[in-house]
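Colleague:
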Amino acid sequence: QLAARARSYLLDVFSASDEEGKLLAIAHLRGNISDGVITLAQTQVIWEGLRDLSKRNIRCVTLQDQGDDPAIPAVCVDLEAGGYLATRHLIACGYRKIAYIGAQLNFPLRPRERMHGYHRALREANLPICPEWQIEASKNSLTGGAEAMEALLDRAGPRPDAVFVFNDLMAVGVLHALRGRGLVVPKDMAVIGFDGIA
-8 QLAARARSYL
2 LDVFSASDEE
12 GKLLAIAHLR
22 GNISDGVITL
32 AQTQVIWEGL
42 RDLSKRNIRC
52 VTLQDQGDDP
62 AIPAVCVDLE
72 AGGYLATRHL
82 IACGYRKIAY
92 IGAQLNFPLR
102 PRERMHGYHR
112 ALREANLPIC
122 PEWQIEASKN
132 SLTGGAEAME
142 ALLDRAGPRP
152 DAVFVFNDLM
162 AVGVLHALRG
172 RGLVVPKDMA
182 VIGFDGIA
């Protein structure tokens, strides 16, 4: 807001946490009430709405969601590097059996960058990539993280000694599941999340 105000722009904030809300905001913006829009664009339907705005000379920028339209730039975090660094940290701490809990199903337009970084770190350390230790959570939430951890713990065979989790919100769910099983972090299993929430 301060940067916009310093350049004599007004910033309107639309609260839209789901696809329906974002589509309503996009429809509102078609009335040329704004010069531009900054948003997450996690689904193809939202991308189509942004393309329409762009054709109407309303500048669009997405956060983290890269589409195939060069007229709509994206500001992104290097998720692959983040997955790599998180996994490398676990390896540097001495862990060798590292699992991954993802939420890729919730972000269909994004490639599996975090997982690619996780795989790269394991390969560089000559550690096995175990498909049975890679769980896709059904929800990007505390519950999703907890359910994925429960599924990982219920699998037969050797148990991992550490887990890299898609984001910090899900990592808190993982911590709850471990505590519910009487497991101590990091003695029984180390946990690292991605994002940086409070």
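Here the numbering used here is used: the first residue of the sequence shown is -8, the next is one more, and so on. For every residue, glycine included, the Cβ atom is placed at its ideal position computed from N, Cα and C.
Measuring straight from C-alpha to C-alpha, what distance separates Trp38 and Gly58?
Modeller: C-alpha separation (whole angstroms): 7 angstroms.
Colleague: Specify the secondary structure class of Arg21 as computed by DSSP and reduced to three states.
Modeller: It is coil, neither helix nor strand.
Colleague: Tell me the DSSP secondary structure of Tyr0 in three-state form.
Modeller: In the structure shown, Tyr0 sits in coil (DSSP, three-state: anything other than H, G, I, E or B).
Colleague: Taking the continuous alpha helix (DSSP H) assigned at Arg111, which residues delimit it?
Modeller: 104 to 115 is the extent of the alpha helix (DSSP H) around Arg111.
Colleague: With distances taken Cα to Cα, identify the nearest neighbour of Gln55 among Cys84, Asp179, Val68.
Modeller: Of Cys84, Asp179, Val68, the residue nearest in Cα terms is Val68.
Colleague: First and last residue of the alpha helix (DSSP H) that includes Ile29?
Modeller: No alpha helix (DSSP H) contains Ile29, which is instead part of the beta strand (DSSP E) from 27 to 30.
Colleague: Can you find the residues in the same chain that come closer than 8 angstroms, C-beta to C-beta, to Ala181, ignoring five residues on each side of it along the sequence?
Modeller: Closer than 8 angstroms at Cβ, skipping near neighbours: Leu81, Cys84, Tyr86, Asp152, Ala153, Val154.
Colleague: Please state the DSSP three-state secondary structure of Ala77.
Modeller: The answer is helix: DSSP assigns Ala77 an H, G or I state.
Colleague: Here's the rule I'm using: 16 or more other beta-carbon atoms within 10 Å means buried, otherwise exposed. How should Tyr91 be labelled?
Modeller: Tyr91 is buried by the Cβ-count criterion.
Colleague: Quick one: using the 10 Å Cβ neighbour count with 16 as the cut-off for buried, is Ile17 buried or exposed?
Modeller: By the neighbour-count rule (16 or more Cβ atoms within 10 Å), Ile17 is buried.
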